[in-house]
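The UniProt record's numbering numbers the first residue of the sequence shown as 1 and each following residue consecutively.
Every residue gets a Cβ at the ideal spot worked out from N, C-alpha and C, and that includes glycine.
Since this is a predicted model, take the numbers as computed values, not measurements.
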Amino acid sequence: MVFSDQQLFEKVVEILKPFDLSVVDYEEICDRMGESMRLGLQKSTNEKSSIKMFPSYVTKTPNGTETGNFLALDLGGTNYRVLSVTLEGKGKSPRIQERTYCIPAEKMSGSGTELFKYIAETLADFLENNGMKDKKFDLGFTFSFPCVQKGLTHATLVRWTKGFSADGVEGHNVAELLQTELDKRELNVKCVAVVNDTVGTLASCALEDPKCAVGLIVGTGTNVAYIEDSSKVELMDGVKEPEVVINTEWGAFGEKGELDCWRTQFDKSMDIDSLHPGKQLYEKMVSGMYLGELVRHIIVYLVEQKILFRGDLPERLKVRNSLLTRYLTDVERDPAHLLYNTHYMLTDDLHVPVVEPIDNRIVRYACEMVVKRAAYLAGAGIACILRRINRSEVTVGVDGSLYKFHPKFCERMTDMVDKLKPKNTRFCLRLSEDGSGKGAAAIAASCTRQN
1 MVFSDQQLFE KVVEILKPFD LSVVDYEEIC DRMGESMRLG LQKSTNEKSS
51 IKMFPSYVTK TPNGTETGNF LALDLGGTNY RVLSVTLEGK GKSPRIQERT
101 YCIPAEKMSG SGTELFKYIA ETLADFLENN GMKDKKFDLG FTFSFPCVQK
151 GLTHATLVRW TKGFSADGVE GHNVAELLQT ELDKRELNVK CVAVVNDTVG
201 TLASCALEDP KCAVGLIVGT GTNVAYIEDS SKVELMDGVK EPEVVINTEW
251 GAFGEKGELD CWRTQFDKSM DIDSLHPGKQ LYEKMVSGMY LGELVRHIIV
301 YLVEQKILFR GDLPERLKVR NSLLTRYLTD VERDPAHLLY NTHYMLTDDL
351 HVPVVEPIDN RIVRYACEMV VKRAAYLAGA GIACILRRIN RSEVTVGVDG
401 SLYKFHPKFC ERMTDMVDKL KPKNTRFCLR LSEDGSGKGA AAIAASCTRQ
451 N
């Protein structure tokens, strides 16, 4: 039986219907996340929660008065950065020198010693090239992986995410591993704070906006940090300050089954093929590390059903992670009836030999449905945080490539926050660029100020 183009498209709409959740669905997800956060903050119920709500031990966010020259390391993906940040106080914008280094694949999956040795060597290279090798520095280390913190310089890696699997790091204090390698090279650098990138994003935004109480990352991964009332944090002992920044690690939401009724067949097949099956399920539905691969799984299925590419799967699309999330960003820049970016992606990037107009239309729709759900899920998460802190005005500092570069992600996320937030709360999403670098340096500075 031969189907018309419209019939093929209608079949795709039906297949992808599970991605099209209602506001009631997102309300329920928001409620479930709130309950997971409540359980995560309490010692007696933390094990029952997929959201671990780690205290960051940052009890005072920067206020713009910090001064001095500080270093920051930003490790959270395949690229990492070394920064020199000069804070001049009085609300002035920091002066920043930075260099980005690529983490070789063998360092990501080799020994932890080799990974931190490489980091120390690149830091030494940065100091040498900028004439700073003989100076003394305090350093803020943005380490964007799930950690249990017992203090600002005691952060134990719970597990690797985002493609890292280096041995001998899980269960160890990453500040100590870094400091050991710095000391071996006789660098006059002291790691004074380990922070998550979301904590850094919050701190960076707070330098310029005192209403900032939330830091959000939607990039390679996703996570959120926010300012919590210390009296509600049973996991942290001996801290007398009234507030503390919580690193939620919300990417793990769903690991206790909270998202099972909304996970599609494609979410499940992608998860099975992933590096850590059953882990980081919310992150796998939201973040840039996974959305392209999720679309690839959809395309493979549609080819198997003879809906796409006349049933012929190109070799390139048989390769895991061959469909990059940045392609999804390009695709949604296309006007509705002129899908030139979509066509270019399929023909030039993915080497599909023959692409019909209906193929472009179907692939564009798949990309749109996957990213739309991701943005709405992120929005439901932010609404959950706003309900929890219950302030009249809140600025959310946001960083991450998906948020910054996708043409519709911010708009969609804002729309869902608006629908689910407390009625008495006004919120503002503020791009907090360089948060994980500038923010880590600012926290290092505020540590020095407090001491």
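query	result
Which listed residue (L75, A124 and K17) has its alpha carbon closest to that of L104	Sequence inspection shows Pro at residue 104; the Leu mentioned does not correspond to that position. Of L75, A124 and K17, the residue nearest in Cα terms is L75.
First and last residue of the uninterrupted beta strand (DSSP E) at N424	Here N424 belongs to no beta strand (DSSP E), and DSSP marks it neither H nor E.
Distance between N173 and V394 (C-alpha atoms, nearest Å)	33 Å
Outcome for D260 when other beta-carbon atoms lying within 10 angstroms are tallied against a minimum of 16	exposed
F141 (DSSP reduced to helix, strand or coil)	strand
Beta-carbon proximity of K419 to L386, cut-off 9 Å	no
Segment limits, beta strand (DSSP E) that includes C261	Premise fails: C261 is in no beta strand (DSSP E) and is neither H nor E.
Beta-carbon separation (whole angstroms), A440 vs A155, contact threshold 8 Å	Contact flag wrong, Cβ pair sits at about 12 Å.
Beta-bridge pairing of D399 - partner residues as DSSP gives them	I217
Rounded Cβ spacing between S392 and N424 (contact assumed at less than 8 Å)	6 Å
Residue from E234, Y403 and K190 whose Cα sits closest to the Cα of G219	Y403
C-beta atoms of V224 and M236 nearer than 9 Å	no
Best match in V370, K232 and K438 for proximity to R95 [C-alpha to C-alpha]	K438
Residue ranges of each alpha helix (DSSP H) within the region 168 to 244, 4 or longer	174 to 184 and 197 to 206
Delimiting residues of the alpha helix (DSSP H) encompassing V23	V23 to L41
Residue(s) in a DSSP beta bridge with S322	None; S322 has no bridge partner.
Where Q97 sits in the DSSP three-state scheme	strand
Anticipated Cβ contact below 8 Å, L377 with V398, distance rounded	L377 to V398, Cβ: 15 Å. No contact.
Endpoints, the alpha helix (DSSP H) within which S109 is located	A105 to S109
Cα-Cα separation between P277 and F309, rounded to whole angstroms	30 Å
Exposure label - F253; buried when at least 16 CB within 10 Å	buried
6 Å CB neighbourhood of P335 in its chain, flanking five on each side removed	none
Alpha-carbon spacing of R364 relative to Y80, whole angstroms	32 Å
D74 (DSSP reduced to helix, strand or coil)	strand
Neighbour flag for S84 against chain B, beta carbons, 9 Å	Looking at the structure shown, chain B is missing, and only one protein chain is on hand.
8 Å contact criterion, which V352 and A383 should meet: CB distance rounded	The pair is not a contact, with the Cβ atoms about 39 Å apart (cut-off 8 Å).
Rounded separation between C205 and R388 - CA only	20 Å
Unbroken stretches of the alpha helix (DSSP H), 4 residues or longer, contained in the region 273 to 355	281 to 286, 288 to 304, 325 to 331 and 340 to 344
H337 classed as buried or exposed, judged by whether at least 16 other C-beta atoms fall within 10 angstroms	exposed
Anticipated Cβ contact below 8 Å, N188 with K135, distance rounded	7 Å
Selection from R412, T161 and D125 that minimises the alpha carbon distance to E283	T161
DSSP state of A155 mapped onto helix, strand, coil	strand
Under the three-state DSSP convention, the category S84 falls into	strand
Same chain only: Cβ atoms within 6 Å of S287, ignoring 5 sequence neighbours per side	G221 and T222
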